[in-house]
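Numbering (our numbering), first residue to last: 2 to 563.
Here's what the structure looks like:
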């Protein structure tokens, strides 16, 4: 419990409620650079977010035809995450990633996509992009594309695709969102498909890594089918023993909309496998995973149809793609073989740099019983275990020590999937942590080891987890009343602000000072009982002037419990 805290109005700058100065808080807003270009060869215009979210230095580009790409300067040289087509071959830049909207039985595509039947442009039901624009919402700079599609009955449906940066403890990301506005004359069933043509640095066939395994073959997950969807996916520029740039896609996190289907596979046709046409041609659900290797990686996400009423506007899809700090690789030898362990959290436990970390989540609804102050409410750590030796390893598992109070883990033993690793094979293990809310921050250090079926420790190290504190701070500015004739009264608004992620209960305010001064002031009207997170409340303070020539000064004290 935090206890109480005095607010403002101290000493000679207290509520000398006759002529002090009302202060104003100032906030520094980071500068995001937007570029608007005209490309002479293709007549394409685009908007870009450039070099945002240090140190990840992400750039996101949105074309006036609705296609998009993402790149980074994290390593000091430009590298792609979402492929950017060069514009050669007569096709526009960035045509390889796109979004579809399914309205009833009509699938709207971006205008430069191929028709899967004719294998040429335009598609059967092209979207019309009407506007590229930038804006700032809740402090987040965004680039947007407005578009519409015309239904067979002549009705119009309107859509907006948005990209904006977002920083999480796990890394820096570009959020991709799709909003739908039913401007037609009747309810519609609306779903969204998003295809992301991944190219991590120079690796255009980056393997996919999830809590369910390390895959170089096509793989799919459905929300309603075990094991369900993973929380996130990783893709490497390099290999599990030399990861280089590490990309991450978030599927389930605060402010995102979890898709119903995930497919990682080949962007282009696999001509050696009947029916394995490229994901670039997938319209909706006609393409599933083939258990064969891919050579040109892409991720397809799908949000099932939902009914939208006439005039309804709704965010229908929201996901993130970005990068995380490079995975650290630890090598060990034991049991006649060698193991390489790659993962996050092997940082400097003393400083918190490189540690796994929770972040705080602002409480937007003070009455929300499901609110949890940490984002995410559980933290999943994913580790890659590679057999770099020549001897098969069986029964592999990851063991950790019991964390100190305040940090809990569902199990201290995590099986490696698969449990048998032959030479050069890679498996995955995950651990999920839960943090108890705390007022002050703490860095937890936990020993970790990889053990085989014979109980031999193959590699060991220590990783760290940062749990932030939730202690809030309330502030108030000095305020003054204008001079009054004796016996007359006046009232002013006294704002009290909270810098903290959680709503806090307020105790009744008090005045401190000489009794003769305190007697001249009172709080009138409704007295706030709660202050919103990162928000403010207003107290109405009344003052009655005393003898001419006297100045009355008091301290106005508001107390919040934590």
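C-beta atoms are modelled at their ideal positions from N, C-alpha and C, and glycine is treated no differently.
In this text, all values refer to a predicted model and were calculated from it rather than measured experimentally.
Item: Have a look at the DSSP bridge pairing and note the partners of residue 148.; Value: 130 and 160
Item: When you compare each of 51, 488, 83 and 131 to residue 321 by their alpha carbons, which one comes out closest?; Value: 83
Item: DSSP three-state call for residue 281: helix, strand or coil?; Value: helix
Item: When we look at the beta-carbon of residue 454 and count the other beta-carbons within 10 Å, is it buried (16 or more) or exposed?; Value: exposed
Item: Whole-angstrom Cβ separation of residue 386 and residue 422, contact assumed at under 8 Å?; Value: 7 Å
Item: As an exercise, report each continuous beta strand (DSSP E) stretch of at least 3 residues that is fully enclosed by the segment 375-434, in chain order.; Value: 379-388, 398-401, 408-410 and 414-416
Item: Who are the near neighbours of residue 309 in its chain, counting only those whose CB is closer than 7 Å to its CB and skipping five residues on each side?; Value: 181, 183, 188, 189, 191 and 315
Item: Could you pull out every residue in the same chain whose Cβ sits closer than 7 Å to the Cβ of residue 518, ignoring the five residues on either side in sequence?; Value: 553, 554 and 555
Item: To the nearest angstrom, report how far apart residue 37 and residue 165 are at their CA atoms.; Value: With a pLDDT of 36 at residue 37, under the threshold of 50, the predicted position of this residue should be treated as unreliable, and no value is reported.
Item: When the distance is taken between beta carbons, is residue 246 closer than 9 Å to residue 324?; Value: yes
Item: How should residue 120 be labelled, buried or exposed, when 16 other C-beta atoms within 10 angstroms of its C-beta is the threshold for buried?; Value: exposed
Item: What's the gap between the Cα of residue 1 and the Cα of residue 426?; Value: Absent from the model: residue 1. The displayed extent of the chain is 2 to 563, so no value can be given.
Item: When the Cβ atoms of the segment 432-441 are set against those of the segment 398-415, are three or more pairs found closer than 8 Å?; Value: yes
Item: Go ahead and label residue 267 buried or exposed: buried means 16 or more other beta carbons lie within 10 angstroms of its beta carbon, across all protein chains shown.; Value: buried
Item: Spatial neighbours of residue 467 within its chain, please: C-beta separation below 6 Å, excluding the five flanking residues on both sides.; Value: 353, 356, 358 and 444
Item: For residue 490, which of helix, strand or coil comes out of DSSP?; Value: strand
Item: Where does residue 462 fall in DSSP's three states?; Value: strand
Item: Please tell me whether residue 530 and residue 513 are closer than 9 Å, where the distance is taken between their beta carbons.; Value: no
Item: I need the DSSP call for residue 300, collapsed to helix, strand or coil.; Value: strand
Item: From residue 489 to residue 479, what does the alpha carbon distance come to, in whole angstroms?; Value: 22 Å
Item: With H, G and I counted as helix, E and B as strand and the rest as coil, what does DSSP make of residue 497?; Value: strand
Item: Can you list, in chain order, the residues of its chain whose CB lies under 8 Å from that of residue 23, leaving out five sequence neighbours each side?; Value: Any reading at residue 23 needs caution, since the residue's pLDDT is 26, under 50, leaving its predicted position unreliable; the model's value is listed next. Once the five neighbours on either side are set aside, the close Cβ partners of residue 23 are 478, 479, 480 and 481.
Item: Looking at C-alpha atoms only, which residue of 102, 136, 56 and 118 is the closest neighbour of residue 170?; Value: 56
Item: Per DSSP, what kind of secondary structure is residue 166 in: helix, strand or coil?; Value: strand
Item: What residues in its chain sit with their C-beta under 8 Å from that of residue 305, if we drop five residues either side in the sequence?; Value: 192, 261 and 262
Item: State the Cα-Cα distance for the pair residue 1 and residue 175, rounded to the nearest angstrom.; Value: Lying outside 2 to 563, the shown extent of the chain, residue 1 is not represented and no answer is given.
Item: Which stretch, first to last residue, makes up the alpha helix (DSSP H) that contains residue 517?; Value: 516-519
Item: Return yes when the Cβ of residue 557 is within less than 9 Å of the Cβ of residue 464, no when it is not.; Value: no
Item: For residue 89, which of helix, strand or coil comes out of DSSP?; Value: helix
Item: For residue 281, I'd like the list of residues in its chain whose CB is within less than 6 Å of its CB, leaving aside the five on either flank, ordered along the chain.; Value: 268
Item: Taking the alpha carbon of residue 255 as the reference point, which residue from 196, 167 and 447 has its own alpha carbon closest?; Value: 167
Item: Which stretch, first to last residue, makes up the beta strand (DSSP E) that contains residue 192?; Value: 189-197
Item: Report yes or no: do the segment 94-106 and the segment 194-204 share at least 3 C-beta pairs separated by less than 8 Å?; Value: yes
Item: Looking at C-alpha atoms only, which residue of 290, 75, 341 and 522 is the closest neighbour of residue 242?; Value: 341
Item: Kindly identify the DSSP beta-bridge partner or partners of residue 214.; Value: 211
Item: My output table needs one value for residue 31: the three-state DSSP class, helix, strand or coil.; Value: For residue 31, the pLDDT reaches just 33, beneath the cut-off of 50, and the residue's location in the model is therefore unreliable, although a value from the coordinates is still provided. Residue state, collapsed to three classes: coil.
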